[in-house]
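To start, the structure itself, in structure tokens.
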Amino acid sequence: MANRILIVDDAAFMRMMIRDILTKNGFEVVGEAQDGSQAIEKYKELRPDLITMDITMPEMDGIAALKEIKKIDASAKVIMCSAMGQQAMVIDAIQAGAKDFIVKPFQSDRVIEAINKTLGA
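Just so we're aligned, residue 1 is where the sequence shown starts under the UniProt record's numbering, counting upward by one.
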């Protein structure tokens with residue numbers, strides 16, 4: 001069975017890029033969200049195996065959403081997506097429970113490597 005992944009990013013273009021990388025590598029994208037609050041709702045509804053979460057988003061950022069999702073499910077697996085120069089936020093995200101992070105612009109092999117490592121494949 002393919003691993004089920006939820007993609008969270010406020011930019012439709014970024015969601016499309018990640019979806020492309022994932023589907024080409026045999027992962028199932030079960031949903032997408034544009035901000036942290038949507039991510040929490042989708043997580044409750046879909047219970048994906050893994051979430052790719054953008055750090056900077058309107059409404060609720062990725063770190064706040066990560067903390068909320070961890071309250072719902074302590075074993076949730078989240079990989080943060082950050083732009084260059086967001087090291088401090090990446091550290092916050094890891095401390096909040098993120099399993100790994102990938103940097104934009106995405107390189108497919110790095111995305112797949114982070115996902116496989118996080119899922120223990």
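Glycine residues also receive a C-beta, built at the ideal position from the N, C-alpha and C atoms.
{"Query": "Going by beta-carbon coordinates alone, are residue 103 and residue 89 separated by less than 8 Å?", "Result": "no"}
{"Query": "Counting only the same chain and skipping the five closest in sequence on each side, list residues whose C-beta sits under 7 Å from that of residue 26.", "Result": "2"}
{"Query": "For residue 73, count neighbouring Cβ atoms within 10 angstroms of its own Cβ and tell me buried if that reaches 16, exposed if not.", "Result": "exposed"}
{"Query": "Going by DSSP, name the residue or residues bridged to residue 4.", "Result": "28"}
{"Query": "Using 8 Å as the threshold, is the C-beta distance between residue 40 and residue 11 below it?", "Result": "no"}
{"Query": "Do residue 137 and residue 31 have their CB atoms nearer than 8 Å?", "Result": "Absent from the structure is residue 137, since the part of the chain shown begins at 1 and ends at 121."}
{"Query": "Between residue 19 and the rest of its own chain, which residues show a CB-CB distance below 7 Å, the 5 nearest in sequence each way excluded?", "Result": "7, 29"}
{"Query": "Taking the straight line between their C-alpha atoms, what separation do you get for residue 118 and residue 109?", "Result": "14 Å"}
{"Query": "Report all residues from its chain with a CB closer than 7 Å to the CB of residue 59; omit the five preceding and five following residues, and keep chain order.", "Result": "35, 36, 37"}
{"Query": "Might you give, ordered along the chain, the residues of its own chain that have their beta carbon closer than 7 Å to the beta carbon of residue 99, omitting 5 neighbours on each side?", "Result": "77, 78, 79, 118"}
{"Query": "List the whole-angstrom C-beta distance separating residue 62 from residue 49, where the pair is believed to meet the contact cut-off of C-beta under 8 Å.", "Result": "18 Å between Cβ atoms; not a contact."}
{"Query": "Considering residue 82, what are the terminal residues of the beta strand (DSSP E) in which it resides?", "Result": "78 to 82"}
{"Query": "Once DSSP output is grouped into helix, strand and coil, what is the label at residue 56?", "Result": "coil"}
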